[in-house]
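A quick write-up on the structure given underneath.
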Amino acid sequence: GESVGLHLPTLSVQEGDNSIINCAYSNSASDYFIWYKQESGKGPQFIIDIRSNMDKRQGQRVTVLLNKTVKHLSLQIAATQPGDSAVYFCAESGGYQKVTFGTGTKLQVIP
Amino acid sequence: DAMVIQNPRYQVTQFGKPVTLSCSQTLNHNVMYWYQQKSSQAPKLLFHYYDKDFNNEADTPDNFQSRRPNTSFCFLDIRSPGLGDAAMYLCATSATQGAYGYTFGSGTRLTVV
Numbered sequence: 178g179e180s181v182g183l184h185l186p187t188l189s190v191q192e193g194d195n196s197i198i199n200c201a202y203s204n205s206a207s208d209y210f211i212w213y214k215q216e217s218g219k220g221p222q223f224i225i226d227i228r229s230n231m232d233k234r235q236g237q238r239v240t241v242l243l244n245k246t247v248k249h250l251s252l253q254i255a256a257t258q259p260g261d262s263a264v265y266f267c268a269e270s271g272g273y274q275k276v277t278f279g280t281g282t283k284l285q286v287i288p
Numbered sequence: 531d532a533m534v535i536q537n538p539r540y541q542v543t544q545f546g547k548p549v550t551l552s553c554s555q556t557l558n559h560n561v562m563y564w565y566q567q568k569s570s571q572a573p574k575l576l577f578h579y580y581d582k583d584f585n586n587e588a589d590t591p592d593n594f595q596s597r598r599p600n601t602s603f604c605f606l607d608i609r610s611p612g613l614g615d616a617a618m619y620l621c622a623t624s625a626t627q628g629a630y631g632y633t634f635g636s637g638t639r640l641t642v643v
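Protein chains in written order, with my numbering: chain C, 178 to 288; chain S, 531 to 643.
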């Protein structure tokens with residue numbers, strides 16, 4: 178069936194470096210993509226989203242890139258900080274359909 | 531601040547004993563969702579309410595039920611919890627169906643003993 182998956186389960190990054198978290202999706206009908214951050218014991222927190230008519234969107238220290246040709250989504254975090262340590266989920270949705278989450282990547286920031 | 535509130539944060543229940551988790555929202559959103567999240571896994575949608583219309587996911591066990599008495603509140607009832615139902619249960623809301631403007635609560639961690 179359609180699925181959203183992540184390439185790496187754990188990513189370790191030195192504090193101050195940039196982080197890149199990748200995600201592959203398989204539903205070509207998806208037109209809306211979201212990145213969530215989930216800290217231990219908390220619910221997912223919205224970080225940034227992008228619609229399929231865009232290929233890049235920037236927020237504060239975060240950038241999402243969308244490559245529809247290869248069905249790939251990435252989250253870039255600039256100057257990674259200890260507070261960025263969390264599990265990051267990509268999620269996708271097609272129109273007014275439910276959100277499907279990927280398996281998650283744990284980001285560990287090394288001080 | 532407008533938000534999604536889940537109570538309790540931690541719930542311990544006995545095997546087979548019915549348990550109810552609650553979610554309230556001050557966002558006046560039409561849609562409320564219940565997700566189950568097991569350790570190190572992605573949240574999995576159990577069901578959602580669009581206003582008063584209940585939408586069950588095909589693979590949600592009958593053991594899980596939900597009630598939405600009004601716009602602000604939604605409940606998750608587990609009729610006979612098994613050990614495999616131990617998980618974090620997340621409530622989320624959105625103004626309309628779909629992903630736009632999803633807001634999650636902090637979750638209720640359920641332990642079954």
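Beta carbons are placed, not taken as given, at the ideal position from N, Cα and C, and that holds for glycine.
- For the region 250-281 of chain C, the set of positions with a beta-carbon nearer than 9 Å to some beta-carbon of chain S reads 264, 266, 268, 269, 270, 271, 272, 273, 274, 275, 276, 277, 278, 279, 280, 281 in chain order.
- Secondary structure within the region 215-260 of chain C: not one fully enclosed alpha helix (DSSP H) run of 4 or more consecutive residues is present.
- Nearest to residue 211 of chain C by alpha-carbon distance, out of C/287, C/262, C/240, is C/240.
- Burial state of residue 626 of chain S is exposed, judged by a 10 Å Cβ sphere holding fewer than 16 other Cβ atoms.
- When C-alpha distances from residue 553 of chain S are compared across S/547, S/632, S/537, the shortest belongs to S/537.
- For residue 219 of chain C, the chain S residues whose C-beta falls within less than 9 Å of its own C-beta are 634, 636, 637, listed in chain order.
- Residues 221, 222, 263, 264, 265, 266, 281 of the same chain have their beta carbon placed closer than 8 Å to that of residue 215 of chain C, with the five preceding and five following residues left out of the count.
- Annotated three-state conformation of residue 615 of chain S is helix, per DSSP.
- Of the residues C/202, C/193, C/186, the one whose Cα lies closest to the Cα of residue 259 of chain C is C/193.
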